[in-house]
Amino acid sequence: MIEDSGKRGNTMAERRQLFAEMRAQDLDRIRLSTYRTACKLRFVQKKCNLHLVDIWNVIEALRENALNNLDPNIELNVARLEAVLSTIFYQLNKRMPTTHQIHVEQSISLLLNFLLAAFDPEGHGKISVFAVKMALATLCGGKIMDKLRYIFSMISDSSGVMVYGRYDQFLREVLKLPTAVFEGPSFGYTEQSARSCFSQQKKVTLNGFLDTLMSDPPPQCLVWLPLLHRLANVENVFHPVECSYCHSESMMGFRYRCQQCHNYQLCQDCFWRGHAGGSHSNQHQMKEYTSWKSPAKKLTNALSKSLSCASSREPLHPMFPDQPEKPLNLAHIVPPRPVTSMNDTLFSHSVPSSGSPFITRSMLETSNRLDEEHRLIARYAARLAAESTSSQPTQQRSAPDISFTIDANKQQRQLIAELENKNREILQEIQRLRLEHEQASQPTPEKAQQNPTLLAELRLLRQRKDELEQRMSALQESRRELMVQLEGLMKLLKEEELKQGVSYVPYCRS
């Protein structure tokens, strides 16, 4: 009893600390509830280091803890939830460079307490699996389209049609996040929330779901969700424009331009807090900018649009098939990690080995930073090679048939080896880009403000940083394409083995 009361006291103290730090950011002075809610959730996201985790990392952590096929209505206790968060953040530290390691225990504690405050305000110590998945999918980093696709897979049936009851449950859970940061009056759940998004007489597929939630504007109850992702995308965007109210020489983040006053522009802090000067009024229509273009570039874009016949407007998302594809069963190739008891899991994450502060740091140094995806690809290839060599029928075959099969398997193994080499090159390129990013982030703003030359170099480094981040995202996409190619190759191997098995079945002549 004394230990339970002590843990409960520590939990409450950590919750108060998180909310006290959030109040210290003076976010409540933001006059628009949508921006206020998005900024608060962005603060929680960065404080818990969830902005460094994408939806694919979350899915992998859920799979490793055997939550991917669990009934969504089952409730998890605190120990099981802590094990899931431990997997997420310890795997994150393995992917991060040694100079950017996070404090794992602090991140686990902060996120655990925030989830308990949001989804278990009564203090029962249990949260449903569905609520955990929705919260992690909403608060993690990455592309909003990937996150919405995962959410749709949780609220749709086997035919790819959204179930309205599950969507209502999704709104109940996800709108607890704004309520947890004291924005319940603006974005709390109501019975009209689900009805205002979709018509219940219409079948909603994945494309319709993405069209609605990624539209401009999105549904009123979820208008803060795309803004949360736009905030993350523009945090490091630099605008060499003077603010018309605070007169700062440059802006970071969003930039707002009045549609009535000539050349009246505000930085995001002044606009959010309702500052206005001169003839400008807060009632004027403002346009939001997420990037800065020079006048010459604007003129070039205008000329290219006027000369082009086709529309340059791109769709919000690619079109997906209405019928979902059945996932490839990889259980016989890559079995899930065996799930031990919660005490063993927490013990393995928390106990130091041989005097080292964290067991993951020693693992990080000895593993040469092999990524989980690289290991999966290696295991796929090894299993395929083993199956291709062991599945040769030992029955009667002619010499030309055997040589043909050996050549085909040899070509397939060569293709697998080429894919593995490509994956290693991508990993090396990502590591090189990370090192360049670390070197580019060395100059400090204090030194740059003292010297105009350093300020110009800092701007170039920021631009270079954005280019490197885009390059890294492109490399990540190419790695995912490699995974898709491997899955297709496995399908071809299986089909070929089945055909060979049918063609070489011995038969008797009558």
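With my numbering as the guide, the letters of the sequence shown map in order to residues 545 to 1054. Glycine included, each C-beta is placed from N, C-alpha and C at the ideal position.
Quiz prompt | Selection from A1000, E649, V718, V778 that minimises the alpha carbon distance to D1010 | solution = Numbered from 1 along the sequence shown, position 466 holds the residue referred to as residue 1010. The residue with the shortest Cα to Cα distance from D1010 is V778.
Self-check item: Assumed close pair F782, R1006 - CB separation to whole angstroms, cut-off 8 Å
Solution: Your numbering for residue 782 matches position 238 in the sequence shown. Your numbering for residue 1006 matches position 462 in the sequence shown. Yes, F782 and R1006 are in contact; Cβ-Cβ is about 5 Å, under 8 Å.
Exercise. Below 6 Å CB to CB, which residues in the same chain sit around A776 once its five sequence neighbours on both sides are set aside?
Key: As a position in the sequence shown, residue 776 is number 232, starting the count at 1. Cβ neighbours of A776 beyond the five flanking positions: none.
Exercise. Check M795 in the structure and name its three-state DSSP category.
Key: Looking up residue 795 in the sequence shown gives position 251. In this structure, M795 counts as strand in the three-state DSSP scheme.
Quiz item: Among the residues of its own chain, which have a CB less than 6 Å from the CB of P811, if the five just before and after it don't count?
Solution: The residue given as residue 811 occupies position 267 in the sequence shown. In the sequence as presented, Pro is not what sits at residue 811; that position holds Cys. C787, M795, listed in sequence order.
Quiz prompt | Inter-residue spacing [alpha-carbon to alpha-carbon] between T734 and P770 | solution = The sequence position of residue 734 within the sequence shown is 190, counting from 1. The sequence position of residue 770 within the sequence shown is 226, counting from 1. In a straight line, the C-alpha of T734 is about 20 Å away from that of P770.
Self-check item: Span of the alpha helix (DSSP H) around Y708
Solution: In the sequence shown, residue 708 corresponds to position 164, counting from 1. Per DSSP, Y708 belongs to the alpha helix (DSSP H) from 708-718.
Practice problem: Alpha carbon to alpha carbon, how far is R968 from A1018? Give it in angstroms, no decimals. | Solution: Numbered from its first residue, the sequence shown carries residue 1018 at position 474. Numbered from its first residue, the sequence shown carries residue 968 at position 424. Distance between the alpha carbons of A1018 and R968 is about 15 Å.
Quiz prompt | At least 3 beta-carbon pairs within less than 8 Å: the stretch 668-687 vs the stretch 606-622 | solution = yes
Quiz item: What is the DSSP secondary structure of K1043, counted as helix, strand or coil?
Solution: Here the question's residue 1043 lines up with position 499 in the sequence shown. Helix at K1043.
Quiz item: Using CA coordinates, which residue listed in R739, Q829, Q803, V588 is at the minimum distance from P763?
Solution: For the purposes of this step, residue 763 is identified with residue 219 of the sequence shown, where counting begins at 1. Cα-wise, what sits closest to P763 is R739.
Quiz item: When the Cα atoms are used, what is the spatial distance from Q745 to V707?
Solution: Looking up residue 745 in the sequence shown gives position 201. Looking up residue 707 in the sequence shown gives position 163. Their Cα atoms are separated by approximately 12 Å.
Self-check item: For C802, the residue or residues it bridges with in DSSP
Solution: Taking the sequence shown and counting its residues from 1, one reaches residue 802 at position 258. Answer by DSSP bridge pairing, in chain order: M830.
Practice problem: With a 10 Å radius around its C-beta and 16 neighbouring C-beta atoms as the bar for buried, classify Q561 as buried or exposed. | Solution: Along the sequence shown, one-based indexing puts residue 561 at 17. Classification for Q561: exposed.
Quiz prompt | Cβ shell of E558 (< 8 Å), same chain only, five flanking positions each side left out | solution = In the sequence shown, counting from the first residue as 1, residue 558 sits at position 14. S653, L654, N657, listed in sequence order.
Quiz item: How should A582 be labelled, buried or exposed, when 16 other C-beta atoms within 10 angstroms of its C-beta is the threshold for buried?
Solution: Residue numbering aside, residue 582 sits at position 38 when the sequence shown is read from its first letter. The residue is buried, with at least 16 neighbouring Cβ atoms inside 10 Å.
Self-check item: Residue from L692, G667, E666, H668 whose Cα sits closest to the Cα of K677
Solution: As a first step, residue 677 is located in the sequence shown; it is residue number 133 there, counting from the start. Nearest C-alpha to K677: L692.
Practice problem: Take the Cβ of Q569 as the centre, count every other Cβ of all protein chains shown within 10 Å, and call the residue buried at 16 or more, exposed below. | Solution: For the purposes of this step, residue 569 is taken as the residue at position 25 of the sequence shown. Q569 is exposed by the Cβ-count criterion.
Quiz prompt | Whole-Å CB distance - I632 paired with N601, under 8 Å assumed | solution = What you label residue 632 is simply residue 88 of the sequence shown in a count that begins at 1. What you label residue 601 is simply residue 57 of the sequence shown in a count that begins at 1. Indeed they touch by this definition, with Cβ atoms about 7 Å apart.
Quiz item: From the DSSP output, which residues share a beta bridge with C811?
Solution: The residue you call residue 811 lines up with position 267 of the sequence shown. Answer is R799.
Exercise. Determine the direct distance from the alpha carbon of A679 to that of L625, and round the result to whole angstroms.
Key: Taking the sequence shown and counting its residues from 1, the one referred to as residue 625 is at position 81. Taking the sequence shown and counting its residues from 1, the one referred to as residue 679 is at position 135. If you take the alpha carbons of L625 and A679, they lie about 12 Å apart.
Quiz item: Can I688 and F714 be called in contact, C-beta distance under 8 Å?
Solution: In the sequence shown, counting from the first residue as 1, residue 688 sits at position 144. In the sequence shown, counting from the first residue as 1, residue 714 sits at position 170. Result no, Cβ atoms of I688 and F714 do not sit closer than 8 Å.
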